[in-house]
Each structure stands twice: as C-alpha cells, then as structure tokens.
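Position in the sequence shown (first residue = 1) + 1 = this note's numbering.
Glycine included, every Cβ here is placed at the ideal spot set by N, Cα and C.
As the structure is a prediction and not an experimental result, all values here were calculated from the model.
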Amino acid sequence: MPDDRAGKWSCLNDLAVALQNRYHRKGTIVDISDAILVQHKAIRLIPDGDHRLPALLSNLGNMFILRSTVTANASDISEGISAHQRAVQLTPDGDESMAQHLTCLGNAYEQRSTLGSKGDVADITLAISYHKKAVQSLPQGHENLPVMLNSLMTSLLSRYYRKGDVTDLTEAIAVEQRAIKITPLGHPNRHMWLSNLGILLHIKFEHSTDPADISKAIELQRKAIQLAIASHKQIPMYYNLLAKGLGTRYKAGKDSKDISEGISLLQDTLKRIPNGHVKKGDMFIDLGRMLRIRFQDSGDSKDILEAVSQFRLAALYTAARPSIRLEAARMWSSLSEELDSSQTLDAHGVVIQQLSQVAGIEQSITMRHEKLSDISDLSIAATAFAISSEEFETAVEWLEQGRCIVWRQLNTLRNPMDDLRAYDPELANRLSHLSRSIEDADSLTNLGVIKHTATLTERITIQEEVTARLKLIQEWNKLLKEVRNIPAFRNFLLPRPCSEILSDIPDGMVIVINVHSSRCDALALIAGVDVPVHIALNNFSYKKAEELRTRLQAYLTWHGVRMRDTGTSVKEETVSRGMRPEQVRSEHESILHEVLHDLWLYVVKPILDGLAISRPTPDPSRIWWCATGPLAFLPIHAAGIYGRDKKVPASCLSDYAISSYTPTIATLLESKMKMAKGFTQCETNKLLMISQPDTPHLPPIPGTTREILAIEKLLEGTGITALCLERDVASKGRVLQEMERHGWIHLACHAVQELNNSLESRFYLAGTQCLELSEIIKKNLPHAKFAFLSACQTSTGNEKLAEEAVHLAGGMLAAGYLSVVATMWSIQDCYGPEIASSFYSHILISANGADLDSTAAASALHAATQKLRKTLGDTEASLLAWVPYVHMGF
C-alpha cells in the first residue's frame with residue numbers, strides 16, 4: 002500500500018491497536034514497541050486538520066505510558082505526556098471525547114510521578130486536576146464515568162503516599178465506592194474496582210487499626226479473584242494483594258493461618274509469573290518480608306534463610322526497577338551479615354551498583370539530590386563491611402562509586418575523550434556533541450517544573466524541552482554502548498579500579514576516612530605504594546563524630562558566625578532563657594579547643610602514627626583528606642592541642658602536613674590530569690576579582706575593598722592581568738561572562754549555604770542579584786584554574802547530603818576549577834584582607850614569572866593561616882579567625 006493512498010493511516014491505526022491488544026494478552030514488550038512505531042506512521046499520514054487526529058494521538062500516548070510501566074523509561078513517559086497534551090489541545094471544548102483525553106493526560110502525569118522523588122507532588126496534583134475536570138465534564142450515568150473515577154482515586158492515593166494527608170485517603174475511598182456503586186454487576190472491570198477499594202481499606206487500617214477494615218480488604222481481594230477470569234493479567238497482582246492483606250492481619254491478630262496462607266499464595270504466584278515481568282521483583286521482596294515476620298514469632302531458621310534468598314533474588318532480578326533492587330539489596334546485606342556473611346559482599350556490591358541508577362541522569366539534579374538524601378550513607382556501610390573483610394581495594398572503589406554521584410555524572414558528560422578521539426575522531430565528536438547538547442538543554446536543575454497557573458500551551462512547550470533532552474540521553478547511552486563494544490574501550494567512562502587510582506596518586510597522600518556506626522577506619526593512598534594502607538580508628542566512632550559536629554555547630558551558632566561580618570557578637574536572642582550571658586560564655590569558650598583536641602587525639606594522631614609520621618619537619622607532607630559522614634563537617638586540617646596550658650606543649654596537624662580536601666579521589670586525579678596537559682597561559686593568568694562591600698539588607702563588609710586593593714598592589718609589575726568588578730558593575734551576567742575569560746577568580750562578598758535546597762546556595766553580587774550554585778555548575782569553563790571564595794559557608798555542605806559535597810566550593814570544582822579556597826563558617830571582615838594578602842604574596846613568590854600556579858594554593862593558604870595564627874596566638878578568637886579557611890582540589 003503506497004503511503005499516499007487514502008485511508009492507509011486508518012489501516013496503520015488498526016494494526017497498532019491490534020498489536021497493543023496482543024501485548025495485553027501476551028505481555029510481549031516487542032508488541033507494544035511495534036505498536037508505537039506503527040502509530041507514529043499513522044499520525045504522519047493522517048491529513049492535516051482531520052478531526053480523528055486527537056484520537057490517534059491519545060492512542061499513541063497510551064502506548065508510551067503502557068510501555069513505561071514495564072521499562073520505567075522517563076523518555077516513554079515524556080513522549081506519552083506530549084501526545085496526550087496535543088490530543089487535548091486539538092479537541093474542541095464540549096467534544097464528548099474531551100473527558101477521555103483529559104483522563105489519559107492525568108494518567109500520564111500520574112505515571113511520571115512514580116519515577117519522581119518522594120517529595121515531588123506537582124505531577125500528582127496536576128493529574129488530580131485533570132481527572133476532576135474529566136469527571137465533571139461527564140453526565141451522571143455515563144458508561145465511562147467509573148473508569149474516570151478510578152483514575153482520580155489512583156492519583157489521590159498517590160498524593161496521600163507523598164504527603165501523608167489522610168484527607169486524600171478518605172476522598173479516594175469515597176471516589177472508589179462511588180465507582181463501584183454505579184458499575185453494573187456484570188461489568189468486566191468491576192473486579193478491578195473491588196481490588197482497588199481493598200487496597201484503600203488496607204491502607205486505612207494502618208491508621209484506624211480497626212480489624213473490620215483489614216478483614217473487609219481481604220474479602221474484597223477474594224471477590225476480585227473470583228470475578229476475574231483465570232487468564233486475566235491482574236490475577237497475579239490480586240493474589241499478591243491478598244497475601245499482603247493476610248500478612249498485615251497476622252501482625253495484628255497473630256493467627257498463624259493468615260501468615261501461612263499468605264506465604265503459600267506468594268510462592269504459588271511467583272511460580273506462575275514469567276521471568277521478565279516487572280512486578281516479580283516486588284513479589285520476591287513481599288515474600289521475603291512475610292517469611293521474616295513469621296520467623297520473628299516462630300524462630301524457625303528455615304524461614305529467615307528463605308527470606309534472605311528471596312531478597313537476594315529480588316536484588317539480582319534485572320527486570321525490576323533500580324529502586325526495588327536497591328531496597329532488596331539493603332535487606333539482603335543486612336540479614337546476610339547476621340546469618341551468612343559470605344553473601345554480604347555481593348549484596349553490598351548490588352547496593353553500590355544501584356545507587357547511581359536510582360539517581361539517574363534523566364532526572365533533574367534537584368530530584369537526584371532528593372532521592373540521595375535518604376540513601377547517601379549506603380556507600381559508607383558497604384565500605385565499612387569491605388574493610389572488616391580486609392577487602393581494602395574494594396572499599397576504596399565502593400566509596401568512590403557511591404559518593405558525589407551527581408558531580409560524577411556531570412564530569413562524565415564533560416570528559417575530554419582524548420583517547421577515543423585518537424582512535425575514532427568521528428565517534429568521539431558525536432559523543433562530545435551529545436554531551437554538550439544534554440548540558441545545554443537548560444534543564445539540569447528544574448527540568449519540567451511547571452507552575453500551577455501555566456496554560457496548556459506553556460505546558461506543551463516545557464514538555465517538548467523535557468522530551469528533547471530525554472531523547473538526547475537515550476542517544477548518548479546508545480552511543481556509549483557502541484564505544485564500550487570496542488575492546489580497547491570496554492571500561493570507557495566507568496569508575497576506575499583501585500590499582501589505577503593508586504598509580505595516579507599525586508606526590509603526597511590521600512587519606513579516606515570512613516565513619517560508620519559499626520566501625521571507623523582510614524585508608525591511606527600514598528604515591529608510590531601499590532596497596533591502600535589501612536589504619537583502624539578504634540577509639541573513634543560515628544557517635545563521637547556526630548557529637549563533635551553537633552557541639553561545633555552549636556558553638557558557631559552561639560557566636561553568630563553565619564555571614565562575613567565586621568565582627569562577632571552574641572546576639573540577645575541566641576542566649577538561652579534563664580541564663581546570664583557570662584554563664585553562656587563560660588560554657589562555650591572552650592568548645593572549639595576541645596573539638597580540635599578530640600579530632601587530634603582520636604583521628605589525626607592515630608593516622609600520623611600509622612603512617613610513621615612522628616615529628617614536624619621543615620618540609621611538611623601534602624595530605625588530601627576525603628572524609629565521610631559527620632566528619633565531613635569538621636575542620637580536620639586544624640586538629641591539634643593548642644597551647645592554652647603551658648604544661649602541655651602545642652601539637653597540631655599544621656605542624657606536620659599541608660592539608661587539602663577532595664570530595665572524591667577521582668576529582669583530584671582529574672585535576673592532576675588537566676594540570677599535566679597545561680593551559681593557555683594568556684587565559685589562565687587572568688585574575689577576576691569581585692568586591693561587594695555594601696550588599697543591601699546585609700551587614701556592610703568594607704574589608705572587601707581593602708582586600709581587593711591589597712591584591713592589586715601585589716600584582717603590580719608582575720605582568721598578571723587583573724579585572725576588578727565592584728558594586729553595581731558586578732552584575733550576575735557580567736560575572737558569568739568574565740568567568741569564561743579568566744582562569745582565576747577572587748570573590749570577596751557575602752555568600753550563604755541554603756540547606757533546604759543546596760543548589761540555591763549563592764554569592765551576593767550587584768544590588769540584590771545572586772549567583773546560585775545551580776548556575777555555576779551549568780558553566781563549562783575551559784580556562785578555569787583557581788577560585789578564592791572569600792565569603793562565608795562556601796564549603797559547609799548539607800548534612801542530609803554529606804556524601805555529595807553539595808556546597809559552593811564543590812560547585813566550583815564541578816564547573817572546572819582545579820583548586821578552591823573556601824570557608825567552613827563565617828569569616829571576620831577584618832581578617833579577610835590579611836589572609837588574602839598573605840596568600841597571594843606566597844603564590845607570587847612561588848610563581849614562575851607571570852605564571853600563576855594553582856598547585857601552590859594549598860601551600861600558600863597554609864602559610865597565610867599559620868601567619869595569622871602566629872599573630873593572634875592560640876586563643877578562641879584566633880581559632881575562629883583562621884580555622885574556617887580550607888583548600889579543596891589539586
């Protein structure tokens with residue numbers, strides 16, 4: 002049949018629907034994929050303006066959403082939403098089919114919400130609004146009304162899961178009861194509505210604890226099984242739901258018949274479901290949980306061993322969604338560690354593998370961070386077990402793979418691909434082009450976020466952007482697979498093995514400190530040593546680290562060190578009620594000394610002893626610290642016993658080593674590689690300076706002007722070009738523009754760490770303008786070399802994302818800067834010029850002619866802070882002044 006023959010589009014549409022129906026019968030994914038291809042062609046061939054086009058678009062959207070339920074592919078959902086949006090847009094108001102199109106669009110948004118983070122309810126709320134419009138547009142008694150009520154119920158239930166508002170659950174029950182009431186007894190979908198009401202009552206029982214609710218839920222699932230034909234695709238799900246209901250009733254009433262029947266039902270259902278079914282992984286977990294529950298009461302070891310087996314099967318079941326595999330692997334690792342530790346390494350291996358899959362690149366950065374906020378410590382647990390098993394190389398690899406996942410994904414897109422380009426220039430160029438296109442899609446942070454008041458046209462435009470980016474990612478993944486099929490590139494862009502990491506360690510050593518509730522350890526990676534050196538921190542614990550972090554945080558809050566200010570003072574409202582200020586001062590004045598003392602005694606000194614570093618030297622060692630857990634928020638570089646008591650000699654880390662921090666070892670090695678390749682001198686030796694002495698609504702910081710003048714004076718006659726943007730001249734647009742032209746940047750201004758959304762952490766620029774972390778990481782700065790962040794809280798981080806290094810300093814490293822000076826808390830304005838002047842003096846002394854050298858930054862900061870310490874002594878005020886300055890990077 003030639004394409005220009007009238008009616009061919011109709012035949013193609015019939016074929017697509019037939020393929021879709023066969024998929025419903027057999028569940029073969031190729032059928033629904035073929036249906037999508039055929040339907041696409043039908044839409045291309047239908048004449049422009051044909052009134053039947055919305056129906057074809059709606060069919061296509063349903064096919065995409067149907068496939069996404071199996072693949073969990075974000076691109077399928079995005080395509081489905083786009084198709085349904087167009088169907089709604091092309092349907093005239095008052096058309097009878099509008100209700101169906103609105104329902105389908107609501108279902109599509111509902112499906113997308115299942116891939117979102119637990120706190121994201123925008124898609125669900127949008128789905129509810131579309132479902133309510135559809136229901137309201139139909140007259141009472143319409144045959145499609147029960148279907149649309151059921152869709153509304155599903156979205157209300159989803160929002161209940163996200164927000165926990167019982168009002169949504171109550172409304173969902175009422176909606177489903179209405180759907181059942183108006184559905185004729187012989188209706189083919191009645192069993193679905195009954196099962197759904199059973200689910201709702203099961204959930205209600207968790208609040209009401211009314212035995213009638215759970216018994217009614219079980220009864221409804223039994224009725225659904227009776228009404229559905231034996232071959233119906235939902236039958237396995239109904240058995241699963243019945244089994245879960247029986248398990249819940251057993252926990253409440255302890256009737257052994259319930260738990261035994263539930264386990265038998267699940268075991269039988271798993272035998273019936275073919276491999277490849279997406280829900281089979283969920284059922285492995287459900288069975289494992291029920292076996293574990295029965296073991297807790299019966300003590301029968303067969304049950305708990307079988308539970309471990311079921312969790313293992315779920316974790317290894319590749320057809321399951323990453324979140325399901327991760328959940329199963331967590332339970333597998335936990336139980337196997339107690340019962341059969343020979344499996345635990347394998348279980349933790351799956352956990353590490355699935356972490357980056359759960360927070361996949363197809364999601365926005367904000368969404369990825371939200372998902373990681375509850376699971377970012379899993380890599381620490383895995384590492385702790387690997388260390389206990391003396392698998393030190395595995396421990397290093399797992400910690401690298403399980404931390405700073407979002408930054409690593411960003412760096413993967415920016416990989417220079419030199420080796421691939423030498424092998425196949427065309428392939429490398431295609432991959433580089435796709436990587437840049439993904440970044441340039443302007444969707445790294447708030448991809449697909451839609452205001453509630455947006456029009457349908459605006460929603461369609463945003464959805465097109467989302468779909469376009471997801472298509473790019475699909476193509477990128479396909480091309481990446483092609484590259485890895487080349488034998489020489491089978492590990493292309495994959496995490497490096499420990500042996501390769503060790504071979505590239507720069508002069509000095511990287512010390513990784515793993516802080517977990519079960520144990521605390523240091524792993525030293527030393528240049529020239531081909532195995533990690535393990536040092537057990539037997540007298541340190543997660544509890545101790547958390548205590549130190551909490552005490553330090555309370556101390557900093559009491560001192561009001563939140564922003565760069567003209568001084569520090571105790572604010573009236575920060576003083577505890579019922580205590581005089583002098584009492585509060587007495588309690589707090591020694592805390593910082595104590596925190597640094599304990600860091601020295603329990604962490605740093607044991608590490609130095611383990612490395613046989615026994616005395617200070619004129620040429621201190623270079624150490625990069627990579628800390629985890631609460632320790633990531635503590636000033637390891639300043640650990641020591643300071644000379645308040647003349648009987649106890651001062652001894653601190655800065656006498657033994659020049660300290661830097663690195664979010665991951667890979668970050669350090671990538672900086673080393675970039676340094677080895679060199680820079681264009683005319684670009685990297687340009688210094689951009691930003692000064693904001695009087696930001697509106699914030700304390701004045703006049704020291705920033707003196708700071709910049711001091712640096713300018715130091716640069717006179719060096720041949721180094723410096724550009725200063727001050728006050729209104731330092732607009733956000735101008736600063737971003739100049740960052741691309743300068744290799745060095747010095748920011749002397751206010752900054753703030755935003756805890757609720759770390760990507761909104763920001764520098765204050767001209768007027769009320771802000772430069773946010775989200776905008777910095779979008780930049781790919783080819784000349785970036787060094788950044789001095791003479792502001793506050795620029796390396797503070799977010800406690801919920803301790804393993805992700807989400808702070809302004811981390812953002813500068815992600816944007817391409819090799820070396821960053823940042824602060825852990827507020828800096829006093831009077832000391833800013835002093836530290837900066839001393840720092841740049843040392844940099845210029847070490848510089849080769851007019852070549853600024855960021856590798857000297859750590860030494861320069863060390864010298865600058867030590868100079869200030871010598872000037873001020875070892876008082877509490879002195880520590881507050883120099884300790885917050887840290888160096889990150891190469």
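C-alpha gap between residue i and residue j, whole angstroms
i           : j           : result
residue 276 : residue 285 : 12 Å
residue 381 : residue 888 : 24 Å
residue 555 : residue 762 : 21 Å
residue 710 : residue 845 : 16 Å
residue 220 : residue 796 : 57 Å
residue 874 : residue 838 : 19 Å
residue 273 : residue 241 : 12 Å
residue 898 : residue 466 : Given a span of 2 to 891 for the chain in the structure shown, any question on residue 898 remains unanswerable.
residue 715 : residue 618 : 29 Å
residue 320 : residue 279 : 5 Å
residue 4   : residue 92  : 26 Å
residue 326 : residue 350 : 12 Å
residue 538 : residue 397 : 17 Å
residue 25  : residue 66  : 13 Å
residue 336 : residue 309 : 6 Å
residue 812 : residue 780 : 10 Å
residue 29  : residue 235 : 16 Å
residue 80  : residue 151 : 23 Å
residue 751 : residue 492 : 43 Å
residue 807 : residue 423 : 35 Å
residue 824 : residue 130 : 46 Å
Per-residue burial, residue i [other beta carbons within 10 Å of its own, 16 or more giving buried]
i           : result
residue 544 : exposed
residue 339 : exposed
residue 313 : buried
residue 778 : buried
residue 834 : buried
residue 810 : buried
residue 616 : exposed
residue 557 : buried
residue 341 : exposed
residue 443 : Below a pLDDT of 50, predicted positions are generally treated as unreliable, and residue 443, at 46, falls in that range; the measurement from the model is reported next regardless. Under this definition residue 443 is an exposed residue.
residue 704 : buried
Contact under 9 Å by Cβ, residue i with residue j
i           : j           : result
residue 156 : residue 128 : yes
residue 36  : residue 18  : yes
residue 229 : residue 192 : yes
residue 513 : residue 541 : no
residue 788 : residue 818 : yes
residue 406 : residue 360 : yes
residue 531 : residue 504 : yes
residue 605 : residue 526 : no
residue 87  : residue 122 : no
For residue i, the residue or residues it bridges with in DSSP
i           : result
residue 890 : 820
residue 535 : 524
residue 653 : 641
residue 747 : 690, 789
residue 190 : Note: residue 190 sits in no beta bridge, so no partner.
residue 510 : 527, 624
residue 753 : 763
residue 738 : Partner(s): none; residue 738 has no beta bridge.
Residue-chain proximity (residue i, chain C), Cβ-Cβ < 9 Å
i           : result
residue 479 : The displayed structure is made up of one protein chain only, and chain C is not part of it.
>> Does the structure place the stretch 688–703 close enough to the stretch 421–431 that three or more beta carbon pairs sit under 8 Å?
In response: no
>> Is it the case that the stretch 733–740 contacts the stretch 667–674, given that we only count it when at least three CB pairs across the two stretches are under 8 Å?
In response: no
> Taking one C-beta from the stretch 620–633 and one from the stretch 506–525 each time, how about it: are there three or more such pairs within less than 8 Å?
Replying inline: yes
>> Using 8 Å as the cut-off, can you tell me whether the stretch 104–112 makes contact with the stretch 47–63, which would need three or more C-beta pairs spanning the two stretches below that distance?
In response: yes
>> Would the stretch 724–739 count as touching the stretch 827–834 if we require 3 or more Cβ pairs under 8 Å?
In response: no
> Would you say the stretch 350–359 touches the stretch 324–339, given that touching needs at least three Cβ pairs under 8 Å?
Replying inline: yes
>> Quick test of the definition: if touching needs 3 or more C-beta pairs under 8 Å, does the stretch 477–484 touch the stretch 375–395?
In response: no
> Given 8 Å as the limit, is there contact between the stretch 631–638 and the stretch 653–660, that is, 3 or more CB pairs closer than that?
Replying inline: yes
> Any chance the stretch 177–192 sits against the stretch 142–154, with 3 or more Cβ pairs inside 8 Å?
Replying inline: yes
> Between the stretch 124–138 and the stretch 94–102, do three or more beta carbon pairs fall short of 8 Å?
Replying inline: yes
>> Whether or not the stretch 245–252 and the stretch 200–209 are in contact is what I'm after, with contact meaning three or more pairs of Cβ atoms, one per stretch, closer than 8 Å; do they touch?
In response: yes
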